[in-house]
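Undergrad: To start, I am sharing the structure in question, which I have written as structure tokens.
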Amino acid sequence: MQLDEVDLKILKILQTDAKYPLEKIAEEVRAPKSTVAYRIKRLEKSGVIRGYYAYIDPASLNLDYLVVTLVKAKYGKDYHEILGQKIAQLSGVWGVYFVLGENDFIVLARFRNRDEMMSKYLEKLMSMPEIERTNTQIIAKIIRETPFYVLD
Numbered sequence: 001m002q003l004d005e006v007d008l009k010i011l012k013i014l015q016t017d018a019k020y021p022l023e024k025i026a027e028e029v030r031a032p033k034s035t036v037a038y039r040i041k042r043l044e045k046s047g048v049i050r051g052y053y054a055y056i057d058p059a060s061l062n063l064d065y066l067v068v069t070l071v072k073a074k075y076g077k078d079y080h081e082i083l084g085q086k087i088a089q090l091s092g093v094w095g096v097y098f099v100l101g102e103n104d105f106i107v108l109a110r111f112r113n114r115d116e117m118m119s120k121y122l123e124k125l126m127s128m129p130e131i132e133r134t135n136t137q138i139i140a141k142i143i144r145e146t147p148f149y150v151l152d
């Protein structure tokens, strides 16, 4: 789908505040309210907008123990689909990425503390027979983290 400048402005506004009033969006993008409503529906139907979510601060839920795990898997038929889904089901996991290179997956997960990470995640991950090796990094400090895609 081809996006023009008005579409991108609408996306920027909704990404910042999905509850932003339609009238104000229309004012900011300098388009009629009906045009803005039509464009939002079109963006939703085409899958550009996949949903609207509440952004919850993980630290407010005491989920500030963040880990990144590099996974090297054993090759096999459809291993990336099968193992990727299996990893995605582990407690605390919020991102699983199949990558090319020395590792096969990058996994992002959050926990309350080291004990929870070990018992609910890492021990289960390391016991999977499809996994050859893991390398887990613990995030010491978050410099920047955003749920938004940067629209220029």
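Heads up: the sequence shown begins at 1 in the UniProt record's numbering, then just goes up one per residue. Beta carbons: idealized from backbone N, C-alpha and C, even for Gly. Since we're looking at a predicted model, the values are computed, not measured.
1. From which residue to which residue does the beta strand (DSSP E) around residue 109 run?
2. For residue 102, name the three-state secondary structure that DSSP assigns.
3. Is the beta carbon of residue 174 sitting closer than 9 Å to the one on residue 76?
4. Measure the C-alpha to C-alpha separation of residue 128 and residue 91 and round it to an integer number of angstroms.
5. Helix, strand or coil for residue 96, going by three-state DSSP, please let me know.
6. Please report how far the alpha carbon of residue 8 lies from the alpha carbon of residue 1, in whole angstroms.
7. Based on Cα-Cα distance, which residue from 107, 12 and 122 lies nearest to residue 40?
8. Keeping to the same chain, check which residues put their C-beta closer than 7 Å to that of residue 147; ignore five residues upstream and five downstream.
9. Could you say which of 118, 37 and 109 lies nearest to residue 68 if we only look at CA atoms?
TA: On the basis of the coordinates in this document:
1. Counting along the chain, the beta strand (DSSP E) containing residue 109 begins and ends at 105 to 111.
2. The answer is coil: DSSP assigns residue 102 none of H, G, I, E or B.
3. Shown here, the chain extends from 1 to 152; a query on residue 174 therefore has no answer.
4. A straight line joining the alpha-carbon of residue 128 with that of residue 91 spans about 14 Å.
5. Correct three-state label for residue 96: strand.
6. Each residue's alpha carbon lies about 12 Å from the other.
7. Considering only alpha carbons, the answer is 12.
8. Contacts found: 55.
9. Taking only the C-alpha atoms, the option nearest residue 68 is 109.
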